[in-house]
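Chains as they are written, first to last, in UniProt numbering: chain A, 1 to 200; chain B, 1 to 200. For every residue, glycine included, the Cβ atom is placed at its ideal position computed from N, Cα and C. See structure below.
Protein chains: 2
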Amino acid sequence: MPVTYVEVKREDCQKYANCEQAAHCMVYSRLPDMKFLETYELKAAVLMQMRFDGHVGFPGGLIEDGEEPIHGLIREMDEEINFLPQKDEVNEISHVGSYWNSSEKILLHFYALEVSQSRIREIERKALEAHDYGGEVMGTFRVPLYTMHDGVRGFPTFLKNSFIGNACQELKAGLLHAAILSKEEIGAAEAVVISSSKLS
Amino acid sequence: MPVTYVEVKREDCQKYANCEQAAHCMVYSRLPDMKFLETYELKAAVLMQMRFDGHVGFPGGLIEDGEEPIHGLIREMDEEINFLPQKDEVNEISHVGSYWNSSEKILLHFYALEVSQSRIREIERKALEAHDYGGEVMGTFRVPLYTMHDGVRGFPTFLKNSFIGNACQELKAGLLHAAILSKEEIGAAEAVVISSSKLS
Numbered sequence: 001m002p003v004t005y006v007e008v009k010r011e012d013c014q015k016y017a018n019c020e021q022a023a024h025c026m027v028y029s030r031l032p033d034m035k036f037l038e039t040y041e042l043k044a045a046v047l048m049q050m051r052f053d054g055h056v057g058f059p060g061g062l063i064e065d066g067e068e069p070i071h072g073l074i075r076e077m078d079e080e081i082n083f084l085p086q087k088d089e090v091n092e093i094s095h096v097g098s099y100w101n102s103s104e105k106i107l108l109h110f111y112a113l114e115v116s117q118s119r120i121r122e123i124e125r126k127a128l129e130a131h132d133y134g135g136e137v138m139g140t141f142r143v144p145l146y147t148m149h150d151g152v153r154g155f156p157t158f159l160k161n162s163f164i165g166n167a168c169q170e171l172k173a174g175l176l177h178a179a180i181l182s183k184e185e186i187g188a189a190e191a192v193v194i195s196s197s198k199l200s
Numbered sequence: 001m002p003v004t005y006v007e008v009k010r011e012d013c014q015k016y017a018n019c020e021q022a023a024h025c026m027v028y029s030r031l032p033d034m035k036f037l038e039t040y041e042l043k044a045a046v047l048m049q050m051r052f053d054g055h056v057g058f059p060g061g062l063i064e065d066g067e068e069p070i071h072g073l074i075r076e077m078d079e080e081i082n083f084l085p086q087k088d089e090v091n092e093i094s095h096v097g098s099y100w101n102s103s104e105k106i107l108l109h110f111y112a113l114e115v116s117q118s119r120i121r122e123i124e125r126k127a128l129e130a131h132d133y134g135g136e137v138m139g140t141f142r143v144p145l146y147t148m149h150d151g152v153r154g155f156p157t158f159l160k161n162s163f164i165g166n167a168c169q170e171l172k173a174g175l176l177h178a179a180i181l182s183k184e185e186i187g188a189a190e191a192v193v194i195s196s197s198k199l200s
């Protein structure tokens with residue numbers, strides 16, 4: 001049975017204070033009016049990464065004892081992608097959701113941070129000089145967010161990659177939170193993934 | 001039924017001269033004595049990319065009419081990752097294999113190019129300034145080449161991502177050609193992928 005992650009309300013997170021916790025962040029920049037092949041709206045540059053373990057995931061990691069989730073997240077982003085958000089830039093407004101995995105007994109916090117187009121390019125460049133580059137992080141890339149005319153390639157195909165933990169769930173929650181994709185667009189892509197996995 | 005690609009001997013490629021052709025390249029640098037977590041041998045930095053369509057693949061692309069496969073490959077590498085190999089650097093010795101897909105009627109040529117550690121870092125940096133970056137190519141990353149102690153994470157997990165065409169077959173052929181992984185190591189990783197896909 002696949003591991004499931006149950007969303008926990010922010011006010012209930014305190015109950016899990018003694019459990020293992022992790023925090024990850026979707027860094028993104030809107031790309032309005034930009035199209036691929038003059039057809040497909042790019043919508044946004046949303047950063048994800050290839051991890052040491054062969055899974056796709058977001059920058060972030062385990063929170064240390066006594067550390068606030070946001071502080072742990074900032075420490076991990078510095079190590080993994082060499083990006084130190086400005087003071088208070090990642091805050092409760094950036095919080096997308098928290099998810100409890102009862103079998104692994106870990107609470108996962110997920111944030112989304114919007115930056116400018118010039119800043120996302122700087123983040124991509126600086127990520128190559130990160131402490132963890134070539135070790136924990138094997139590379140950073142953008143997520144294709146359109147669905148191509150065949151109804152499959154693009155975002156639905158991307159969702160079929162190997163994600164770590166609930167990173168796929170977090171990606172969809174983050175895109176909805178940032179109003180980059182609608183509930184209907186995400187649901188349509190999920191339906192393509194389900195129907196293609198039944199065929200294989 | 002999954003599409004299959006049949007290896008074609010170099011001397012037989014001429015028979016397919018009038019068919020559609022494509023060429024791709026595995027750019028890599030050996031990383032001897034470098035370990036992740038002081039345990040797992042990195043072996044090499046092997047570059048792959050996240051594509052516009054959500055698949056994982058190698059730089060390269062379709063050969064134009066009248067173009068030699070190597071020349072088309074060099075043109076595509078310049079467009080996609082902003083890397084122009086030196087004259088004659090990609091040659092018949094770099095040729096790993098050619099593969100025929102009878103249903104799509106396309107012949108795929110695959111090459112491997114070894115570069116120094118400092119040059120691969122330069123290629124990674126320059127790739128962010130490529131013409132196709134953010135469009136056809138969403139990012140470049142390295143392939144994890146070790147198998148972690150659980151027997152699954154690392155290279156076997158990486159092989160479960162969504163590859164374009166026969167890029168997974170090409171990756172394995174390239175790693176064998178460059179003597180980065182042995183036939184036994186590749187076979188062991190494939191066995192993990194098969195057994196986990198039966199479970200799901």
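### Query
Just to confirm, are Phe36/B and Phe52/A a CB contact at a threshold of 9 Å?
yes
### Message
With a threshold of 9 Å between beta-carbons, can Gly54/B be considered close to chain A, or not?
### Response
yes
### Neighbour-count burial assignment, Asp132/B, 16 or more Cβ in a 10 Å radius
buried
### Buried or exposed by the 16-neighbour rule on C-beta atoms within 10 Å, applied to Gln21/B
Classification for Gln21/B: buried.
### Query
Any idea which residues DSSP pairs Ala112/A with across the strands?
Met26/A
### Contact the segment 126-145 of chain B vs the segment 38-49 of chain B: 3+ CB pairs below 8 Å
Judged by Cβ distances under 8 Å, the segment 126-145 of chain B makes contact with the segment 38-49 of chain B, as three or more pairs qualify.
### Query
Would you say Val143/B reaches chain A, if we count a Cβ-Cβ gap shorter than 9 Å as a contact?
yes
### chain A contact for Gln169/B (CB, 9 Å cutoff)
no
### Message
Is it buried or exposed, Gly165/A, if we count other Cβ atoms within 10 angstroms and call 16 or more buried?
### Response
With at least 16 other beta carbons inside 10 angstroms of its own, Gly165/A counts as buried.
### Message
With a threshold of 9 Å between beta-carbons, can Gly66/B be considered close to chain A, or not?
### Response
no
### Task
Decide if Glu76/A is buried, meaning its Cβ has at least 16 other Cβ atoms within 10 Å, or exposed.
buried
#### Entry: Rounded separation between Leu31/A and Ala179/A - CA only
Going by C-alpha positions, Leu31/A is about 13 Å away from Ala179/A.
### Neighbourhood of Phe155/B by C-beta, 7 Å cutoff - its chain only, sequence neighbours within 5 removed
By the criterion of a C-beta distance shorter than 7 Å, Phe155/B is surrounded in its chain by Pro144, Leu145, Tyr146, Thr147, Ala189, once the five residues flanking it on both sides are discounted.
### Query
Apart from the five residues on each side of it in sequence, which residues of its chain come closer than 8 Å, Cβ to Cβ, to Ser103/B?
Val3
### Query
If the cut is a Cβ gap below 8 Å, which residues of chain B does Ala45/A touch?
Close partners of Ala45/A in chain B (Cβ separation under 8 Å): Gly134.
### Query
Among Leu73/B, Ser182/B, Lys198/B, which residue has its Cα nearest to the Cα of Lys87/B?
Closest by alpha carbon: Leu73/B.
### Query
Under the rule that 16 or more other beta-carbon atoms within 10 Å means buried, what is Glu124/B, buried or exposed?
Under a 10 Å Cβ-count criterion, Glu124/B is classified as buried, with 16 or more other Cβ atoms of the shown protein chains found around its own Cβ.
### Message
Against chain B, with Cβ distances strictly below 9 Å, would Thr157/A count as a contact?
### Response
Nearest CB-CB separation between Thr157/A and chain B: below the 9 Å threshold.
### Task
Give every residue of the same chain whose Cβ lies closer than 7 Å to the Cβ of His55/A, excluding the five residues on either side of it in the sequence, and list them in chain order.
Ser162, Phe163, Ile164
### Task
Would you please verify whether the beta carbon of Asn161/B is less than 9 Å from any beta carbon of chain A?
yes
### Proximity below 9 Å, CB of Glu80/A to CB of Gly61/A
yes
#### Entry: Where Met148/B sits in the DSSP three-state scheme
coil
### Task
Check the C-beta distance from Ala29/A over to Arg153/A and give it rounded, since I have them as a contact under 8 Å.
Looking at the sequence itself, residue 29/A is Ser, so the reference to Ala does not match. About 23 Å; that fails the 8 Å criterion.
### Message
Taking the straight line between their C-alpha atoms, what separation do you get for Arg10/B and Lys183/B?
### Response
Arg10/B and Lys183/B have their alpha carbons spaced roughly 22 Å apart.
### Task
Identify the contact partners of Ser190/B in chain A, using a Cβ-Cβ distance below 7 Å as the criterion.
One point to set straight first is that residue 190/B is Glu, not Ser, in the sequence displayed. Result: empty, since nearest Cβ-Cβ is about 14 Å, beyond 7 Å.
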